[in-house]
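Quick look at the structure:
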């Protein structure tokens, strides 16, 4: 019953002890608002693996970007309960990586960011609430902001407090600098803040040694340069405002030397639909574009990258931690806290010009990376590098009132990424560059179809201008 559509009697509930095999477990509720926040929660839940004293239960919290959460939870095959049941049950611990309706949860609650620190300004005003950094109409999933003064999403009083009380039992911060931001925006919450570090930073560092394996999974030859184009969601993102960029990259960069792969924020996929995103990019896929689906681990993609073209999204900031040169195609400066990792990046990263030759701009980005210009950005992501597992596990077990296991946590590398329709076990050695031209994309690998080639299943994509791929 991983869909969680009915009230469950096991493994939780007042009579659950009659039916379960291990009746004395501590209960942990994972509150999943979006696929993005769910993916981040898995980095914390991994820390209770092998502990027979703990039972984890999942629930899908109401969120405007909740599309895809049911499929995400089904893939985990963990016990899922409805939001109604989740908010009428006491748990020994709850975890959330987004803030909608968290005051309805009955448990010591740990909240954590779902990106690189706390970067987005929260411009709450009457009649609006903020979900994953974007304002939407007030509904049952969120309460009305208390003022119009911009704050930083995730550290502001209008989301951390309810009825005059701080909601979380603990706020997991990636960097000590966030204590100052929290103190200015919600001083009442400072006593429950705990600087634990950043799980994605640590896993990215653990992944760098496996760069060659990730590149093979992304069909990158040893002599190719992997250019990763990363976009956050929203009308000021790269995907929204630089629609000509992907076609320009494919047209100007020789296929024998360059591989272009796209990383889109899950909110793009699940707001517009997987089918829609794929058809928008159909022409690019036919001309050699690689598209990473939302279920793949983006950290392995960054470990494989030679260059990242991005925007104000978290992935662009994380690229600096991997030592990857960065170019900014778009950046919503007014939406970003200048003291955040993304804000630091905006101050040092070169902006992509629509007129300048791409190779020359790539060289500028490489020079800045070689000169250490991005080191300050990487240092701003976490003040506890390599220590998230240790610190977060200590926090969780303290709230659970359990002694920690007598083991040392080891941060694993990211899972092997894959392109749309290509699972890691399907990856073969990339073919010659000529094979990645028009008509060579097999749509069976893109959509799970029955072996229809791109030419036979041609979907009009007006979003793309005509492309002539260079040899």
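In my numbering, the protein residues as written are 237 to 707. C-beta atoms are modelled at their ideal positions from N, C-alpha and C, and glycine is treated no differently.
Residue burial annotation: residue 533 is buried, with at least 16 other C-beta atoms found within 10 angstroms of its C-beta. Counted as a single uninterrupted DSSP element, the alpha helix (DSSP H) harbouring residue 506 occupies residues 502-508. About 16 Å separates the beta carbons of residue 392 and residue 413, which is beyond the 8 Å limit, so they are not a contact pair.
In the same chain as residue 252, and ignoring 5 residues on each side of it, the C-beta atoms closer than 6 Å to its own belong to 246, in chain order. With respect to residue 301, residue 506 sits close: the two C-beta atoms are nearer than 8 Å. Residues of the same chain with a CB within less than 6 Å of the CB of residue 259, apart from the 5 flanking positions on each side, are 253 in chain order.
In this chain, residue 354 is not harboured by any alpha helix (DSSP H), its DSSP state being neither H nor E. Cβ contact annotation for residue 280 (same chain, cutoff 6 Å, sequence separation greater than five): 331, 628, in chain order. In this structure residue 573 is in contact with residue 355, their Cβ atoms being roughly 6 Å apart against a cut-off of 8 Å. Of 326, 329, 296, the smallest CA-CA separation from residue 315 is found for 296. Secondary structure note for residue 552: its alpha helix (DSSP H) is the uninterrupted segment 550-557. A Cβ-Cβ contact shorter than 8 Å links residue 276 with residue 350. As summarised for the region 595-662, the continuous alpha helix (DSSP H) elements at least 4 residues long and confined to that stretch are 611-617, 624-636, given in chain order. If you compare the alpha carbons of 644, 449, 624, 397 with that of residue 430, the shortest gap goes to 624. Within the DSSP secondary-structure output, residue 294 pairs in a beta bridge with 266, 316.
Shown here, residue 284 sits in a helix according to DSSP, grouped into three states.
Close CB contacts of residue 619 within its chain, under the 8 Å cut and outside five residues either way in sequence, are with 410, 411, 412, 413, 431, 433 (chain order). Take residue 425, set aside five residues on each side of it, and the residues of its chain with a beta-carbon closer than 7 Å to its own are 396, 402, 407, 418, in chain order. The C-beta of residue 469 has 16 or more other C-beta atoms within 10 Å across all chains shown, which makes the residue buried. For residue 511, the closest alpha carbon among the candidates 633, 497, 527, 496 is that of 527. Where residue 481 is concerned, the enclosing alpha helix (DSSP H) starts and stops at 481-488. In the displayed model, residue 443 falls within a helix according to three-state DSSP. Counting C-beta atoms within 10 angstroms of its own C-beta, residue 319 has 16 or more neighbours from the protein chains shown and is therefore classed as buried. Within 10 angstroms of the beta-carbon of residue 347 lie 16 or more other beta-carbons, which makes it buried. Within the DSSP secondary-structure output, residue 244 pairs in no beta bridge.
In the DSSP assignment, residue 560 falls outside any alpha helix (DSSP H), carrying neither H nor E.
Taking the Cα positions, residue 651 is about 10 Å away from residue 537.
Contact between residue 499 and residue 560 does not hold, since the beta-carbon distance rounds to 12 Å and is not under 8 Å. Residue 502 and residue 519 have their C-alpha atoms spaced approximately 21 Å apart. In terms of Cα proximity to residue 289, the closest of 416, 633, 656 is 633. Just so you know, the alpha carbons of residue 257 and residue 513 end up roughly 44 Å apart. Contact between the region 476-484 and the region 569-584 is not established, with fewer than three Cβ pairs separated by less than 8 Å.
Residue pairing by DSSP places residue 466 opposite 499 in a beta bridge.
Each residue's CA atom was taken as its position, placing residue 578 and residue 447 some 24 Å apart. Of the residues assessed, residue 606 falls on the exposed side of the cut-off, its CB having fewer than 16 other CB atoms within 10 angstroms. Residue state for residue 348 is assigned as coil, using DSSP reduced to three classes.
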